[in-house]
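Note sheet for the following structure.
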Amino acid sequence: MRRSLIAVATLTLIGSAGIGAARAGQGYEPVQYYAPYGAPAWQQGSGWEHRMAWREHRRQEDEARIQDAARREAWRIQQEREQRRVWWHAQREQGHGGGYYRSW
Numbered sequence: 001m002r003r004s005l006i007a008v009a010t011l012t013l014i015g016s017a018g019i020g021a022a023r024a025g026q027g028y029e030p031v032q033y034y035a036p037y038g039a040p041a042w043q044q045g046s047g048w049e050h051r052m053a054w055r056e057h058r059r060q061e062d063e064a065r066i067q068d069a070a071r072r073e074a075w076r077i078q079q080e081r082e083q084r085r086v087w088w089h090a091q092r093e094q095g096h097g098g099g100y101y102r103s104w
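For what it's worth, my numbering labels the leading residue of the sequence shown as 1, then goes sequentially.
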């Protein structure tokens with residue numbers, strides 16, 4: 001049984017080597033592809049510059065979003081303050097200011 005197993009393994013190795021040699025004879029060679037000039041950035045080079053540029057773009061975009069959110073929040077707080085001030089003045093005009101009133 002051991003001899004037949006070794007024989008089968010040997011034939012398998014020889015067969016796979018023969019197939020590999022047949023394929024190599026077909027003229028397939030690995031070729032490095034470089035994107036032409038003017039191709040999209042993701043096709044050019046290793047992409048390192050593109051990744052760094054994308055990270056910088058995302059950082060700037062995130063900072064702009066944070067500034068915009070802070071601006072909106074400041075506007076909302078200012079509007080609430082204005083509404084409270086108007087309400088307070090209206091209450092004082094109606095005599096509900098919570099001040100001290102004499103009864104005599």
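Where is the CB? At the ideal position from N, CA and C, for every residue including glycine.
Reduced DSSP category for residue i - H, G, I as helix; E, B as strand; rest coil
{"i": "residue 94", "result": "coil"}
{"i": "residue 8", "result": "helix"}
{"i": "residue 73", "result": "helix"}
{"i": "residue 61", "result": "helix"}
{"i": "residue 29", "result": "coil"}
Neighbour flag for residue i against chain C, beta carbons, 8 Å
{"i": "residue 52", "result": "Checking the listed chains, one finds no chain C in this structure; it contains a single protein chain."}
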